[in-house]
Amino acid sequence: MDGGIVMEHNPLMSFNDGLEITYSDLKHNNGEDYIILYFEKPNGKESGFNSAKLKYPGNTFSEVNGFNESEMEELMKHAAKTAPLALEFSKEDSVAEV
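Mapped onto the UniProt record's numbering, the consecutive letters of the sequence shown carry residue numbers 1 to 98.
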């Protein structure tokens, strides 16, 4: 894409309740490899979606919008199960692009 915006959200999981989990391309900072997990769920409101981000490895959410405390606990459970796999996918994708 010449001059276009590149979307780095790679699909990971979709749930029956509308929750979508996507992940970023592999990122590097001070010798550390990491990804960002993105969580989005339709909320039926004008804002459209509840959303949150999680840097992995790590367990701290950022940019949380619309999710309540119990929903955040569920997101953390999903992250614990899926983030290691998403990180491996990102590493494989980054090697394939070289």
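Note that the Cβ used here is the ideal one computed from N, Cα and C, for glycine as well.
Per-residue burial, residue i [other beta carbons within 10 Å of its own, 16 or more giving buried]
i	result
L54	buried
S67	The amino acid at residue 67 is misidentified as Ser; the sequence shows Phe. Result: buried.
A83	buried
A86	buried
S24	buried
G31	exposed
Rounded distance between the beta-carbons of residue j and residue i, thought under 8 Å
i	j	result
F39	S51	6 Å
K41	L19	4 Å
Exercise for the section: Would you list, in sequence order, the uninterrupted beta strand (DSSP E) runs of no fewer than 3 residues that lie entirely inside the region 1 to 85? Expected result: You should have 10 to 14, 20 to 23, 27 to 29, 32 to 42, 49 to 56, 61 to 65.
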